[in-house]
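Enquirer: Starting off with a structure, shown below.
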Ligand SMILES: CC(C)(COP(=O)(O)OP(=O)(O)OC[C@H]1O[C@@H](n2cnc3c(N)ncnc32)[C@H](O)[C@@H]1OP(=O)(O)O)[C@@H](O)C(=O)NCCC(=O)NCCS
């Protein structure tokens with residue numbers, strides 16, 4: 048599933064995957080940090096294209112590429128997986144120089160709004176218990192830890208969409224990344 052439309056934030060643009068994004072995706076998946084934190088594996092360009100074709104055809108898995116709104120450079124991706132009921136949120140800021148600049152927070156806000164529009168009341172996230180940065184990120188977004196999955200070494204987080212306070216994250220242009 049592709050997003051029903053481009054989603055525009057102050058600094059990010061969320062859009063459907065296109066072939067021109069494949070190169071960035073291959074680079075991100077080759078990064079050992081991404082592999083360890085997000086449970087990804089390196090993929091060839093063809094594998095990336097096949098994977099995105101399958102996602103695009105899926106009726107339950109929605110994925111968007113995060114672009115820097117100004118430069119249109121791809122910096123990561125974000126997803127909502129509806130295949131288990133309440134959508135599971137996934138995010139990756141693939142470009143290391145773009146982390147800790149508020150891009151993920153903005154992308155999350157746009158996806159949470161979309162999930163609500165699509166009828167979701169709750170968003171779930173699963174975070175490896177060694178991924179401190181992602182745990183802090185989800186907690187900052189308002190998620191609460193509900194349980195630990197010992198088999199998968201993951202913390203399961205939930206966020207009630209109805210109860211969310213509005214975003215109070217700073218979104219100044221001074222935090223732009225050089226991607
Ligand atoms: C987790 C991740 C998505 C966060 O993206 P980001 O763009 O760096 O996050 P933001 O800059 O929007 O951070 C928003 C807030 O989350 C918290 N946060 C984000 N990353 C953090 C980190 N590494 N350590 C502590 N707090 C962090 C902070 O409170 C931050 O606000 P602040 O910078 O004003 O303090 C990013 O680090 C990433 O893609 N990591 C690799 C892949 C991954 O782990 N994906 C998630 C799998 S569950």
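Residue numbers (the working numbering): 48 to 226. Heads up, the beta-carbon is just placed ideally off N, CA and C, and yes, glycines get one too. All values derive from a computational prediction rather than experimental measurement.
Given a cut-off of 9 Å on the beta-carbon distance, is the pair residue 167 and residue 208 in contact?
Expert: Going by C-beta atoms, residue 167 is nearer than 9 Å to residue 208.
Enquirer: At a Cβ threshold of 9 Å, is residue 200 touching chain C?
Expert: Here there is only one protein chain, and chain C is not present.
Enquirer: Using the three-state DSSP reduction, which class does residue 126 fall into: helix, strand or coil?
Expert: Strand.
Enquirer: From the DSSP output, which residues share a beta bridge with residue 137?
Expert: According to DSSP, which records beta bridges pairwise, residue 137 is partnered with 126.
Enquirer: Buried or exposed: residue 206, going by 16 or more other Cβ atoms within 10 Å of its Cβ?
Expert: Classification of residue 206: buried, given that the 10 Å Cβ count is 16 or more.
Enquirer: Please report how far the alpha carbon of residue 197 lies from the alpha carbon of residue 154, in whole angstroms.
Expert: Cα to Cα, the separation comes out at about 29 Å.
Enquirer: Given residue 223, which residues of its chain have a CB within under 8 Å of its CB, disregarding the five upstream and five downstream residues?
Expert: The answer, listed in chain order, is 58, 115, 117, 148.
Enquirer: For residue 219 and residue 87, I'd like the C-alpha separation in whole angstroms.
Expert: At residue 219 the pLDDT is 47, less than 50, meaning the model places this residue with poor confidence and gives no usable figure here.
Enquirer: So, at 8 Å on beta carbons, what are the nonlocal neighbours of residue 52 in its own chain, with the 5 sequence-adjacent residues on each side left out?
Expert: Correct list: empty, nothing qualifies.
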